[in-house]
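Undergrad: Counting with this note's numbering, you get residues 3 to 225 for the letters of the sequence shown. Ideal placement from N, C-alpha and C gives every residue a C-beta, glycine not left out. What you are looking at is a predicted structure, and each value in this text was computed from that prediction instead of being measured.
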Amino acid sequence: MKKRGGMMGIFGKRLRLLRERNNMSQRELAEKLGLSTMAISNYELGKREPDVDTIMKLARIFNVSVAYLLGEVDDPKKQPGEVKLIIHDEKVVKYVPVFSTSISAGNGIFPDSFYPLEYVPITRKDVDYVFNVEGDSMEPEIKNGGRILVKATTDINEGDMIVCLFHGMIYVKYYHKLDDDKIMLTSENKEYPPMVIDREEFIIIGKVVEINNPPKSEKFRKR
3 MKKRGGMMGI
13 FGKRLRLLRE
23 RNNMSQRELA
33 EKLGLSTMAI
43 SNYELGKREP
53 DVDTIMKLAR
63 IFNVSVAYLL
73 GEVDDPKKQP
83 GEVKLIIHDE
93 KVVKYVPVFS
103 TSISAGNGIF
113 PDSFYPLEYV
123 PITRKDVDYV
133 FNVEGDSMEP
143 EIKNGGRILV
153 KATTDINEGD
163 MIVCLFHGMI
173 YVKYYHKLDD
183 DKIMLTSENK
193 EYPPMVIDRE
203 EFIIIGKVVE
213 INNPPKSEKF
223 RKR
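Have a look at this one:
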């Protein structure tokens, strides 16, 4: 695992490389992100750390993976879960990142960083990320302190449990499409009201495919 300072140095170099390869000035990139030119310069020099929202927007702008931007892989298209594959008991096991920033299952936790704390072996091919969950808004399906296994996809169906970014906050909620412009995010715990938001205001990180709750490691998979 690369140390955080080294990772940010790699991020800055790759950001500059991608920007220059796309014949884009710092000002042009800053306008796409809604940031200042100074912010882009500081990112490239390793003087400032971008938040998770900015990192994911950059990955989308340059059509590369977040893992490549952060220096976890050298292939721009490779996802972090593809870094290592091993065979164990005739099953493919891949190592996926566990993120140090816990998802909020309540009113949202601001993602100060989006760097993996560790990599853990997973026996499923469709899992790309693992997140820790705090809060009670998804109880009893997800208990406070549980872990969720997430598939990195934007192919979401009505009622799927998703992990998403909204106004710089990370949420795990049920997805409901209201119309072409609006979506609704709902909780399992009915004490939490639905969130009706514009489709353009949030980013889907992925779909929850398995839940591991303490202390019995109960499993749940959306169909």
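Drop a sphere of 10 angstroms on the beta-carbon of Val198, count the other beta-carbons inside from all chains shown, and report buried for 16 or more, exposed for fewer.
TA: exposed
Undergrad: Are the beta-carbon atoms belonging to Pro196 and Lys145 less than 9 Å from one another?
TA: no
Undergrad: Report, in whole angstroms, the separation of the C-beta atoms of Val165 and Val152, which I expect to be a contact under 8 Å.
TA: Between the beta-carbon of Val165 and that of Val152 there is about 5 Å, and that keeps the pair under the 8 Å contact cut.
Undergrad: If you draw a straight line from the C-alpha of Pro82 to the C-alpha of Ala69, how long is it?
TA: Caution is warranted here: a pLDDT of 49 is assigned to Pro82, below 50, making its placement in the model unreliable, and the coordinate value is therefore given only provisionally. About 5 Å.
Undergrad: Inspect the beta-carbon positions of Asn214 and Arg149 and report whether they are closer than 9 Å.
TA: Cβ atoms of Asn214 and Arg149: closer than 9 Å.
Undergrad: Is the beta carbon of Ile205 sitting closer than 9 Å to the one on Lys59?
TA: In this structure, Ile205 sits near Lys59, with a CB-CB distance shorter than 9 Å.
Undergrad: Between which two residues does the beta strand (DSSP E) holding Glu136 run?
TA: 131-136
Undergrad: Which of helix, strand or coil does DSSP assign to Lys184?
TA: strand
Undergrad: Rank Lys15, Tyr194, Asp162 by C-alpha distance to the C-alpha of Glu212 and give the top, closest one.
TA: Asp162
Undergrad: With C-beta atoms as the reference, is Gly73 less than 9 Å away from Gly48?
TA: no
Undergrad: What's the call for Pro123, buried or exposed, on a 16-neighbour Cβ count within 10 Å?
TA: exposed
Undergrad: So what does Gly212 bridge to, in DSSP terms?
TA: Per the sequence presented here, residue 212 reads as Glu, with Gly not at that position. Answer is Leu151.
Undergrad: Can you find the residues in the same chain that come closer than 6 Å, C-beta to C-beta, to Thr156, ignoring five residues on each side of it along the sequence?
TA: Ile206
Undergrad: Hey, Ile57 and Leu35 are a contact pair by Cβ (cut 8 Å); roughly how many whole angstroms apart?
TA: 11 Å between Cβ atoms; not a contact.
Undergrad: To which residues of the same chain is Gly208 closer than 6 Å at the C-beta, ignoring the five residues directly before and after it?
TA: Val152, Lys153, Ala154, Thr155, Val165
Undergrad: Restricting to Cα atoms, I'd like to know which of Tyr177, Glu193, Tyr194, Asp181 is closest to Leu187.
TA: In this structure, Tyr177 is the residue among Tyr177, Glu193, Tyr194, Asp181 with its C-alpha nearest to the C-alpha of Leu187.
Undergrad: Need the endpoints of the alpha helix (DSSP H) that Ile42 sits in, please.
TA: 39-46
Undergrad: Mind checking Ser27: buried by the 16 CB within 10 Å criterion, or exposed?
TA: exposed
Undergrad: For a test of the three-state rule: what should DSSP assign to Tyr70, helix, strand or coil?
TA: For Tyr70, the secondary structure class from DSSP, reduced to helix, strand or coil, is helix.
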